[in-house]
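Number of protein chains: 2
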Amino acid sequence: MINRLCEKIKKLNAPVVVGLDPMLSYVPEHVVKRSLSEYGETLAGAADAIWQFNKEIVDSIWDLIPAVKPQVAMYEQFGVEGMKAYQKTVDYCHEKGLLVIGDVKRGDIGSTSAAYAAGHLGKVQVGSCLLSAFNEDFATVNPYLGTDGVKPFVDVCREERKGLFILVKTSNPSSGEFQDRLIDGRPLYEWVGEQVAAWGGTCMGETYSYIGAVVGATYPEMGKELRKLMPKSFILVPGYGAQGGKAEDLVHYFNEDGLGAIVNSSRGIIAAHKKEAYARFGAEHFGEASRQAVVDMIEDIRGALNAQLC
Amino acid sequence: MINRLCEKIKKLNAPVVVGLDPMLSYVPEHVVKRSLSEYGETLAGAADAIWQFNKEIVDSIWDLIPAVKPQVAMYEQFGVEGMKAYQKTVDYCHEKGLLVIGDVKRGDIGSTSAAYAAGHLGKVQVGSCLLSAFNEDFATVNPYLGTDGVKPFVDVCREERKGLFILVKTSNPSSGEFQDRLIDGRPLYEWVGEQVAAWGGTCMGETYSYIGAVVGATYPEMGKELRKLMPKSFILVPGYGAQGGKAEDLVHYFNEDGLGAIVNSSRGIIAAHKKEAYARFGAEHFGEASRQAVVDMIEDIRGALNAQLC
Chain F
6 MINRLCEKIK KLNAPVVVGL DPMLSYVPEH VVKRSLSEYG ETLAGAADAI WQFNKEIVDS
66 IWDLIPAVKP QVAMYEQFGV EGMKAYQKTV DYCHEKGLLV IGDVKRGDIG STSAAYAAGH
126 LGKVQVGSCL LSAFNEDFAT VNPYLGTDGV KPFVDVCREE RKGLFILVKT SNPSSGEFQD
186 RLIDGRPLYE WVGEQVAAWG GTCMGETYSY IGAVVGATYP EMGKELRKLM PKSFILVPGY
246 GAQGGKAEDL VHYFNEDGLG AIVNSSRGII AAHKKEAYAR FGAEHFGEAS RQAVVDMIED
306 IRGALNAQLC
Chain S
6 MINRLCEKIK KLNAPVVVGL DPMLSYVPEH VVKRSLSEYG ETLAGAADAI WQFNKEIVDS
66 IWDLIPAVKP QVAMYEQFGV EGMKAYQKTV DYCHEKGLLV IGDVKRGDIG STSAAYAAGH
126 LGKVQVGSCL LSAFNEDFAT VNPYLGTDGV KPFVDVCREE RKGLFILVKT SNPSSGEFQD
186 RLIDGRPLYE WVGEQVAAWG GTCMGETYSY IGAVVGATYP EMGKELRKLM PKSFILVPGY
246 GAQGGKAEDL VHYFNEDGLG AIVNSSRGII AAHKKEAYAR FGAEHFGEAS RQAVVDMIED
306 IRGALNAQLC
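Chains as they are written, first to last, in the working numbering: chain F, 6 to 315; chain S, 6 to 315.
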């Protein structure tokens, strides 16, 4: 999948992923109303609203981008009905040819991580059948439990040719509370980054490893260091746009081949119709607003990368 | 919920929680066969098998213990169908009067953690209704993202009088890889433990805080230190039995009031029928084997605690 991700990024000239994190408050009223009038004010109604919202956004942007990143929490909050909407979203994005990064941030002791890995990236054995469940192409993983909590994910990736993005330095304001603490003179996130590079060395794609990292756009200096520390790891970069990350800050997350990073925007794209810059589209045309926001984001990132090359 | 947990532990004299982590390989053949013949070799068939298995175990042990701890990964691996079995299990345990610790190990940036917290412990707003989704009583949380990733969970706990167990020192062999690294002379898990105590100070129950910690049974010396560092935090102790933790090692996880810790066993209880010690029950009577294993575990823990008091 990492090879496919590289190909798609090059073909589209767009190292960009759209986060499908549909808060109900982002969904235009006419969509919510339609779903709730069909299913009532229920979890099924809410789940249908976010699914209809996603579908229209995906229909509007699928040809511009290599991948989407649904944040499972936004579905899980609606329980089983929400998880159905998550599954539908993953499947629909696959139909549209998009790669899917399941932003699940799972991680546990070995046997438990193996179950998560099977359910999200691999297959489970039921009787004589091997079955896929959620079947994303990539998943995000939390490293706090160390190698034996991560290895089952790595093993499944090797087998299924899928990929991971492991949390190294997250984009949130208090990420430094533990991640920045110095251990033998170096911050924890660097030790984690070094392990990501080591884990990644065991399953390489053509140029990049199957095992990537998450490094927030909001900490560009750290991103620059981590880029050097993990030269073969793709970096998934959250925090662009709504969280404050700027394109010119992100050039150092990339390698000289113009690859090595993929920048995520969630709210900035899917809730574009709520922003002044795209208000002209109106809530009825929220898909078109998202499309324009994707076009603008790609331009912004391309511009920064080109400026860097000159 | 922490008050109810304390009451139930005292009433039953059993600081024990059973992990409902149903690997399909633990489920006796006659149960699997019945489910697969009804639903085919499908995810629905597998999910039905683990649900039927859980139900019989819960029916056999509910009166002995204060709480259960379903590990969501074991359900999530079967996709949406598995999540239905998870929800059924949570609801059924509630019907039986058991407290439910959702072992979900979630944790993300603030807005995302808020969605997880709403879905697992709180309520979501849909139209004019406030609805519960999974509705566990406690959840486990990963601290790697720091305060703003944990706070939304704490806020929901305060509002709903529910509880958390935050990963401090996990039971797995490589937990030390990051958790034991020294920061200003003290291991990371102590810094996390100190934060757990601070977060917990903001929402106290009668004697213990709503905010507890996870400390593995496999690291008793660290458990002893952490007990002192977080005097008001209940400690959820995984790793007893199958992972190697022994009752006599666990006495220091408790406070002098005989409370302050709850010891989990998963495999050792739910797969008891596969152990030599309980083979006499036979696979047909796996529920009775589990009951006997719970009785023995409670005796074992009580014995160690009493020996300590003498």
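By construction, the Cβ of each residue, glycine as well, lies at the ideal position given by its N, Cα and C atoms.
Being a predicted model, the structure only gives us computed values, none of them experimental.
Can you check which of these residues, F:Val256, F:Ile267 and F:Leu193, is closest to F:Gly151 by C-alpha distance?
Counted from its first residue, the first sequence places residue 151 of chain F at position 146. Checking every option, the nearest Cα to that of F:Gly151 belongs to F:Leu193.
Which partner residues of S:Met227 appear in the DSSP bridge assignment?
For the purposes of this step, residue 227 of chain S is taken as the residue at position 222 of the second sequence. The partner list for S:Met227 (beta bridge, DSSP) is empty, contrary to what the question assumes.
Quick check on F:Ser270 - is its C-beta less than 7 Å from some C-beta in chain S?
In the first sequence, residue 270 of chain F corresponds to position 265, counting from 1. Chain S contact via Cβ: absent.
Just the Cα atoms here: how many angstroms apart are S:Pro71 and S:Val268?
Taking the second sequence and counting its residues from 1, one reaches residue 71 of chain S at position 66. Taking the second sequence and counting its residues from 1, one reaches residue 268 of chain S at position 263. Between S:Pro71 and S:Val268, the C-alpha separation is close to 11 Å.
DSSP three-state call for F:Ala94: helix, strand or coil?
Locating residue 94 of chain F in the first sequence gives position 89, counting from the first residue. Here residue 94 of chain F turns out to be Thr, not Ala, going by the sequence shown. F:Thr94: helix per DSSP, three-state reduction.
Return the Cβ separation of S:Ala222 and S:Gly198 in integer angstroms, given the expectation that the two are a contact with Cβ distance under 8 Å.
Taking the second sequence and counting its residues from 1, one reaches residue 222 of chain S at position 217. Taking the second sequence and counting its residues from 1, one reaches residue 198 of chain S at position 193. That pair is no contact at about 16 Å.
Entirely within the stretch 73 to 139 of chain S and at least 4 residues each: give me those alpha helix (DSSP H) ranges in chain order.
78 to 81, 84 to 100 and 115 to 125
Looking only at its chain, what residues have a beta carbon closer than 8 Å to the beta carbon of F:Leu264, apart from the 5 residues adjacent to it on each side?
Within the first sequence, the letter at position 259 stands for residue 264 of chain F. These residues qualify, in order along the chain: Cys11, Ile14, Lys15, Pro20, Thr212, Tyr213 and Phe239.
Return no unless some Cβ of chain S is closer than 7 Å to the Cβ of F:Lys89.
Position 84 of the first sequence, counted from the start, is the residue given in the question as residue 89 of chain F. So yes, F:Lys89 belongs to the interface.
So, is the C-beta of S:Asn177 closer than 7 Å to a C-beta in chain F?
Here residue 177 of chain S corresponds to residue number 172 of the second sequence, with the count starting at 1. With 7 Å as the cut-off, S:Asn177 counts as an interface residue toward chain F.
State the start and end residues of the unbroken beta strand (DSSP E) segment that holds S:Thr152.
Within the second sequence, the letter at position 147 stands for residue 152 of chain S. From DSSP, S:Thr152 is part of no beta strand (DSSP E) but of the alpha helix (DSSP H) over Thr152 to Glu165.
Beta-carbon neighbours of F:Trp196, restricted to chain S and to distances below 8 Å
Taking the first residue of the first sequence as 1, we reach residue 196 of chain F at position 191. Phe183 and Arg186, listed in chain order.
On the premise that S:Pro148 lies in contact with S:Leu172, defined as a C-beta separation below 8 Å, what is that separation, rounded to the nearest angstrom?
If you number the second sequence from 1, residue 172 of chain S lands on position 167. If you number the second sequence from 1, residue 148 of chain S lands on position 143. Sure, about 6 Å apart at Cβ, within 8 Å.
Give a yes or no on whether the minimum CB-CB distance between F:Asn147 and chain S is below 7 Å.
In the first sequence, counting from the first residue as 1, residue 147 of chain F sits at position 142. Judged by the 7 Å Cβ criterion, F:Asn147 is in contact with chain S.
Considering only DSSP beta bridges, list what S:Ser214 is partnered with.
Here residue 214 of chain S refers to the residue found at position 209 when the second sequence is read from its first residue. In the DSSP output, where bridge partners are listed per residue, S:Ser214 has S:Met209.
Output needed in chain order: residues of the stretch 116 to 138 of chain F with a Cβ under 7 Å from some Cβ in chain S.
Thr117, Ala120, Tyr121, Ala123, Gly124, Val129, Val131, Gly132, Ser133, Cys134, Leu136 and Ala138
Do you know how far the Cα of F:Gly308 is from the Cα of F:Val5?
Summary: the structure shown does not reach residue 5 of chain F, with chain F confined to residues 6 through 315, and so no result is reported for it.
Give me the Cα-Cα distance between S:Thr145 and F:Arg285, rounded to the nearest whole angstrom.
Here residue 145 of chain S is taken as the residue at index 140 of the second sequence, counted from 1. Here residue 285 of chain F is taken as the residue at index 280 of the first sequence, counted from 1. Taking the straight line joining both Cα atoms gives about 44 Å.
Counting Cβ pairs, one atom from each stretch, are 3 or more of them under 8 Å apart for the stretch 77 to 94 of chain F and the stretch 44 to 54 of chain F?
yes
Name, in chain order, the residues that DSSP records as bridge partners for F:Arg191.
Translated into positions along the first sequence, residue 191 of chain F becomes position 186. Answer is F:Ile188, bridged to F:Arg191.
Would you kindly work out how many angstroms separate the C-alpha atoms of F:Ile114 and S:Lys74, rounded to a whole number?
In the first sequence, residue 114 of chain F corresponds to position 109, counting from 1. In the second sequence, residue 74 of chain S corresponds to position 69, counting from 1. Each residue's Cα considered, the two are about 15 Å apart.
Hey, could you find the ends of the beta strand (DSSP E) F:Asn269 is sitting in?
Within the first sequence, residue 269 of chain F is the residue found at index 264, counting from 1. First-last of the beta strand (DSSP E) with F:Asn269: Ala266 to Ser270.
Please name the residues in the stretch 151 to 162 of chain F whose beta-carbon is closer than 7 Å to at least one beta-carbon of chain S, in chain order.
Gly151, Thr152, Asp153 and Gly154
Simplified DSSP assignment, three categories, for F:Ile70
For this step, residue 70 of chain F is matched to residue 65 along the first sequence. F:Ile70: coil per DSSP, three-state reduction.
Tell whether a beta-carbon distance below 7 Å holds between F:Gly132 and F:Met6.
Locating residue 132 of chain F in the first sequence gives position 127, counting from the first residue. Locating residue 6 of chain F in the first sequence gives position 1, counting from the first residue. Not a contact, by the Cβ cut-off of 7 Å.
So S:Ala312 packs on S:Gly273, CB below 8 Å; how close in whole Å?
For the purposes of this step, residue 312 of chain S is identified with residue 307 of the second sequence, where counting begins at 1. For the purposes of this step, residue 273 of chain S is identified with residue 268 of the second sequence, where counting begins at 1. That pair is no contact at about 21 Å.
Mind checking which residues open and close the alpha helix (DSSP H) that includes F:Lys16?
The residue given as residue 16 of chain F occupies position 11 in the first sequence. For F:Lys16, the enclosing alpha helix (DSSP H) covers residues Ile7 to Leu17.
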